[in-house]
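Engineer:
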Amino acid sequence: MMSAVDFLAWVRGPMFNIALIIFIFGVIVRLLEMLLIGRKPDYSEARESAFAGGVRTIFRRFMPADTGTLQRSTTVIFAGYVFHIGFFIVLLLFVPHILLIKDTLGIQWAGLPTPIIDAATVMTLLALLVLLINRLVNPILRFLSTFQDYLIWLLVFLPVLTGYMAFHHFIQPYQLVLALHILSVELLMIVFPFTKLMHTFTLFFARWYNGAIAGRKGVKA
Amino acid sequence: MHINQILNHSNAPIAPLLNEICHALEKLLLYHENTLIDLHSLPFSPHDITQLVEFLGKGEVEAYLYALGKSIFWETNFAGVWWIEHYNSEESLINRTIEIAYCPSILQAQTEDIQLGKQQLQQLIKSFQ
Amino acid sequence: MSDKTIGDSLREQGISRRGFLKFCATTASLLALPPAMIPQIAYALENTPRQSVIWLSFQECTGCTESLTRSHAPTIEGLIFDHISLDYHHTLQAAAGSAAERAREEAMKKNHGKYLLIVDGSIPTGNPGYSTIAGISNLDMLKEVAAGAAAIVAIGTCAAFGGLPKAAPNPTGAMSVSDLITDKPIINVPGCPPIPIVMTAVIAHFITFGKLPQLDNLNRPMAFYGQNIHDRCYRRPFYEKGLFANTFDDEGAKKGWCLYKLGCKGPTTYNACATTKWNDGVSFPIESGHGCLGCSEPQFWDGGSFYKPLSVPTIKVHDVMAYTAIAGAAVGLTVGGLNAMKKTNAVKQHETVTIDDLERK
Ligand code: SF4
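Residue numbers (our numbering), protein chains in the order written: chain W, -9 to 211; chain V, -6 to 122; chain L, 18 to 378.
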């Protein structure tokens, strides 16, 4: 059997390589594939700037569209925000994560003290649980949910959970839980390009297209 | 130095240690049970130790033991709380403990030694007669 | 094994009972045993004959022996060391050549099944000629001496896990003791070198209780390797606050902030350095301003750079990322191109349907 140390060495070395290759390759291929489809030329005269419309929509859609939607989907919107913000705080502001980004991309920024990260982690986990329960309880959501929805919920939940467990040394030896954490992230990286997780990138294009089309027509969307 | 100042300026787990001492004192009062706290196994920097010594202070009693190097004992400002430092013959510190006891156990004479001493004394007395 | 007990030889040296108790208390503290066990330790050490020890050195740098003998006698570790009967240690013994080997064989015969075998260094399993003693290959000697041992102590990372000789590409086929001997109780005391007092405490425990202390999953004594350097590190509060040294001489370094960014392996390392410390308790690497190398863990040589943070992959990712991005772009463009072609073809093949066409049906 592989020891915890071997396991850690494997996820920090060869396995990371594999995950990185699949992630980068998959994301680039899929983005290019989608973007190269392009749009039909619009021959009508522009009423207003498509660019301004595109940019506006990218940002405006961060706010819930209207009070009706907000009331109908309070849980999803609220927990969704908590989850996304918490996830990004943990991902981008925990110092060891920043060091990883610095090593791979060469850019870095300041991190947050660990008690704040810790709190954000707990909130992220709770939000994810709320979202899952909501998905299971709400008949419409349950009807619409596919296997993939549950799969990516799990694959997003695991890195946060294992990260929390690693930080608090819930499993001994530490190498094991750290390796599990890294592995869970690698699994996420591997499925990322081929699932709805791509919305991390595509959401901006989709909003841009919508906003630009509407903007050109002079619609304030 | 005031305790709050120490707690605020120190990174070491001083507060839990003080709590432990407090519980040990209770145990001593209730059951006459001694407690030994090993300071070597706690993550205290030399600075933390100095602060701790300063905070606990020195009480009325101080004692030395000369066996395998020197050992220093003193009662802190808190009766029953003893600060103990063992040195080896090279005068480097080998162990630092806090003992919560009426009297540090190692200071008490050992039964075997008392027996031996008694025999020697008896012999001495006999030789006079 | 001489029949003198440790108690006898201590008394011969004029060590009083209080002194002896002081020694026992320190040993108990080292072994993380409750103070209530001090009398038991005292009793056992007082009455047990001197333990026969055979020490074998294989592919090693003598750093472990150095570490142990550098502890200034008569410290506590020196005491135990003085009162075991070290029947064979080819670096320390006066005898040489066949006389030395005879001493080893005699000790083995006399104390068969009872002696403690201490090993430092890893064992080459490639060409046996890589390392021999008196013409006997390391592997043969280990097997021969291990057969009659009560227990084996693998001192240092090389004996415990293979260490430096086993680092990739492992030219000598180096292996650890536990890779080769499976039918004896083995205790690993890794470290490069290990803390001197750990070894003597292990021996003290063996003498006192007649068995090995509680071990962790890598067969290391829990009392010393049960805790993480990071958990016991006095710089930990800076880690929590997010205060890190970025170089070895910046403000953070001078203020004693956490060394994680400089590659400290404290979080994945189990050892007693942070509490027992080195050089008679003077300090330990992190206290001296250098991150932990993780020397008491298997494969610490192959765990990536000593100066890169733990959260960073051990491989060089930049080339991989660049090539993958290029390959991804190439495939993406091709797929995009094919899609475009499909579209153009579809447009080309598209025939306009007239009213007549529809009515013809
Ligand atoms: S210096 Fe190393 S062991 Fe100490 S807190 Fe920082 S990372 Fe942990």
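Glycine residues also receive a C-beta, built at the ideal position from the N, C-alpha and C atoms. As the structure is a computational prediction, the values presented were derived from the model and not from experiment.
Find the residues of chain L that neighbour V/I61, judging by a C-beta separation of less than 7 Å, and give them in chain order.
Structural biologist: Here residue 61 of chain V turns out to be Leu, not Ile, going by the sequence shown. Correct list: I32, G36, K39, F40.
Engineer: Kindly indicate if chain L contains any beta-carbon less than 9 Å away from that of W/A100.
Structural biologist: yes
Engineer: For the alpha helix (DSSP H) containing L/Y287, list its first residue and its last residue.
Structural biologist: Careful: L/Y287 lies outside any alpha helix (DSSP H) and carries neither H nor E.
Engineer: Which chain W residues are close to L/F261, counting only those with a beta carbon under 8 Å from its beta carbon?
Structural biologist: Result: V85.
Engineer: For L/K15, collect the residues of the same chain with a Cβ closer than 7 Å to its Cβ; drop the 5 residues on either side in sequence, then sort them by chain order.
Structural biologist: With chain L running from 18 to 378 in the structure shown, residue 15 of chain L is simply not present.
Engineer: Terminal residues of the continuous alpha helix (DSSP H) containing V/L10?
Structural biologist: 7 to 24
Engineer: At what residue ranges does the segment 99 to 168 of chain L contain a whole run of the alpha helix (DSSP H), taking only runs of 4 or more?
Structural biologist: 114 to 127, 155 to 164
Engineer: When you compare only the Cα positions, how much space is there between L/A357 and W/I18?
Structural biologist: Each residue's Cα considered, the two are about 17 Å apart.
Engineer: Confirm, please, whether the CB-CB distance from L/A171 to L/V136 is below 9 Å.
Structural biologist: A contact, by the Cβ cut-off of 9 Å.
Engineer: Is the segment 17 to 35 of chain W in contact with the segment 182 to 194 of chain W, if contact means three or more CB pairs nearer than 8 Å?
Structural biologist: yes
Engineer: Buried or exposed: which applies to L/S46, given that a residue is buried once 16 or more other Cβ atoms fall within 10 Å of its Cβ?
Structural biologist: buried
Engineer: Count the other CB atoms within 10 Å of the CB of L/K272; is the residue buried (16 or more) or exposed (fewer)?
Structural biologist: Exposed: under 16 other Cβ atoms inside 10 Å.
Engineer: Compute the distance between the beta-carbons of L/E77 and L/S139, then report whether it is under 9 Å.
Structural biologist: yes
Engineer: Closest to L/A61 by C-alpha separation, out of L/G349, L/Q366, L/A346, L/A221, would be which residue?
Structural biologist: L/A221
Engineer: What did DSSP end up calling W/R37 once you bin it into helix, strand or coil?
Structural biologist: coil
Engineer: Can you find a CB in chain V that lies within less than 9 Å of the CB of L/A270?
Structural biologist: no
Engineer: Of all the beta strand (DSSP E) runs that stay within the bounds of the segment 279 to 341 of chain L, which reach a length of 3 or more residues?
Structural biologist: none
Engineer: Taking 9 Å as the CB-CB limit, is L/G273 close to chain W?
Structural biologist: no
Engineer: What residue does the beta strand (DSSP E) around V/S38 start on, and which one ends it?
Structural biologist: Segment: none, V/S38 is in no beta strand (DSSP E) and carries neither H nor E.
Engineer: Could you compute how far the alpha carbon of L/H89 sits from the alpha carbon of W/I88?
Structural biologist: Interpretation of L/H89 is limited by its pLDDT of 48, a score under 50 that renders its predicted location unreliable; no figure is taken from the coordinates.
Engineer: Using a C-beta cutoff of 9 Å, does V/H33 count as contacting chain L?
Structural biologist: Cβ-Cβ to chain L under 9 Å: yes for V/H33.
Engineer: Is the CB of V/H79 under 9 Å away from at least one CB in chain L?
Structural biologist: yes
Engineer: L/F241: which of L/S313, L/F178, L/C309 sits nearest, CA to CA?
Structural biologist: For L/F241, the nearest C-alpha among the options comes from L/S313.
Engineer: From L/I58 to L/A185, what distance separates their C-alpha atoms?
Structural biologist: 43 Å
Engineer: Look up W/F195 in the DSSP assignment and say whether it is helix, strand or coil.
Structural biologist: In this structure, W/F195 counts as helix in the three-state DSSP scheme.
Engineer: Considering only the beta carbon of each residue, do L/T341 and W/I11 sit closer than 9 Å?
Structural biologist: yes
Engineer: Using a Cβ-Cβ cut-off of 9 Å, state whether L/A291 counts as contacting chain V.
Structural biologist: yes
Engineer: For W/T59, which residues from the same chain have a beta carbon less than 8 Å from its beta carbon, with the 5 sequence-adjacent residues on both sides left out?
Structural biologist: I67
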